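Have a look at the structure below, then the notes.
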Ligand code: ADP
Ligand code: MG
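Structure follows, in structure tokens:
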């Protein structure tokens, strides 16, 4: 990477940060409802190399081969492109009152892009760590996560919750992160997959997302409307789920959305218990139930995703669900050790029979969160 950085900027690296993508084990579309999530970090990560320069910020990505430069007075939310994720981080730091030194940044990432594995948070969190270190700022993981989220929400313009950035900054190796998006507190719980004879398959359906931003915003607005009707700030403050769902019975859409969020929060809590006991037999059905809820109530799955989940189960997975925002992207399947390849191949067979684009798959173990690597 030093070579690539010199090629783009004619400078030697001074700081190197890495930040991972993530899979969300369970807890989907709960983050912006003040709910519970349970991601773990992938070994795939974004690496950002940075060095100070005379003025402005220059960003380059190996993926696009492009380089972009902005001066301090040109940082402007809503200007678009992949570079917005990095300029957005500079902007968010400055907006929070920090002095950010002018810098040259080079980016390389092996997180699959646009697959629901959070390549965007990975590049934001890596850039944030590098810029903070170069600027002599001491920011804890939660502060970094919130600043990265601010960049994505306000500068890029994607109204996402805190899940992705919290996962990237706060996860630790070998653990899953039980995170409460209301109190913004988290706990890393061991996820001894290999030690207990299991593995998790991640399968990218390679289905291009369509209408994903509009659908996401629609779900989010629906949840806010449901909360308003129930007289609570967010669905997290619902104390009597049964009564709440009865109160929404006249509106099928809001009823379904609220039911997904309320039951999903409950499933995360059950998954925490299963996780603490490393009870993978109990975890499987929770993943299955989460998927059914996303398909029937929240309606964020598509045919390829549903088929991948169904085929994984038929091929012997203990449980499977879509992971990520939906409308395409990846599924995860909890498998007995040594079975993920066979299960991935079974899904690939089905996709071939259906005439769909072939999926990609790999097995994952929980990796470390964002960190300085040099
Ligand atoms: P996800 O986070 O699930 O991968 P997003 O749509 O949130 O999907 O983010 C994907 C976007 O992040 C890409 O379209 C691109 O703009 C940016 N991105 C991710 N990785 C890179 C990279 N290595 N180089 C440049 N841009 C990247
Ligand atoms: Mg993203």
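Numbering (this note's numbering), first residue to last: -5 to 368. Virtual Cβ for every residue (Gly too), placed ideally from N, Cα, C. All of these numbers come straight from a predicted model, not from anything done at the bench.
Rounded straight-line distance, which links the Cα of residue j to that of residue i
i           : j           : result
residue 21  : residue 33  : 8 Å
residue 140 : residue 167 : 21 Å
residue 98  : residue 106 : 24 Å
residue 73  : residue 292 : 31 Å
residue 212 : residue -4  : 43 Å
residue 113 : residue 202 : 15 Å
residue 241 : residue 224 : 7 Å
residue 49  : residue 295 : 46 Å
residue 226 : residue 248 : 14 Å
residue 42  : residue 80  : 10 Å
residue 134 : residue 322 : 33 Å
residue 104 : residue 340 : 25 Å
residue 153 : residue 206 : 12 Å
residue 354 : residue 221 : 38 Å
residue 200 : residue 263 : 31 Å
residue 319 : residue 19  : 13 Å
residue 363 : residue 260 : 26 Å
residue 17  : residue 250 : 25 Å
residue 208 : residue 146 : 16 Å
residue 335 : residue 357 : 8 Å
residue 88  : residue 66  : 9 Å
residue 31  : residue 157 : 7 Å
residue 169 : residue 36  : 11 Å
residue 311 : residue 183 : 22 Å
residue 287 : residue 333 : 26 Å
residue 265 : residue 188 : 18 Å
residue 214 : residue 246 : 16 Å
Sequence-distant residues of its chain with Cβ nearer than 7 Å to residue i (five each side left out)
i           : result
residue 235 : 256
residue 92  : 129 and 131
residue 300 : 289
residue 285 : 303, 314, 315 and 316
Environment of residue i [buried if 16+ CB atoms lie within 10 Å]
i           : result
residue 400 : The structure shown does not extend to residue 400, since the chain spans only -5 to 368, so no value can be given for it.
residue 360 : buried
residue 348 : exposed
residue 68  : exposed
residue 193 : buried
residue 58  : exposed
residue 190 : exposed
residue 237 : exposed
residue 155 : buried
residue 1   : exposed
residue 178 : exposed
residue 346 : exposed
residue 198 : buried
Paired residues, beta bridge with residue i - DSSP
i           : result
residue 40  : 13 and 103
residue 314 : 327
residue 54  : 61 and 100
residue 370 : Here the chain has residues from -5 to 368 only, and residue 370 is not among them.
residue 195 : 327 and 357
residue 179 : 174
Whether residue i touches residue j by CB criterion (7 Å)
i           : j           : result
residue 149 : residue 82  : yes
residue 342 : residue 352 : yes
residue 51  : residue 95  : no
residue 175 : residue 29  : yes
residue 47  : residue 62  : no
residue 230 : residue 239 : no
residue 24  : residue 258 : yes
residue 298 : residue 350 : yes
residue 195 : residue 337 : yes
residue 109 : residue 324 : yes
residue 11  : residue 344 : no
residue 101 : residue 55  : yes
residue 38  : residue 15  : yes
Residues of its chain near residue i, where Cβ-Cβ distance is below 8 Å and the 5 sequence neighbours each way are ignored
i           : result
residue 268 : 274, 276, 277 and 280
residue 45  : -1, 3, 5, 6, 7, 8, 9, 97, 98 and 128
residue 142 : 83, 86, 115, 118, 119, 122, 159, 162 and 163
Spatial neighbours of residue i in its chain, beta-carbon cut-off 6 Å, leaving aside the 5 residues before and after
i           : result
residue 282 : 313
residue 186 : 272
residue 180 : 164, 171 and 173
residue 151 : 72
residue 368 : 10
Proximity test, Cβ basis, 7 Å: residue i and chain C
i          : result
residue 93 : In summary, chain C is missing from the structure at hand, where a single protein chain is found.
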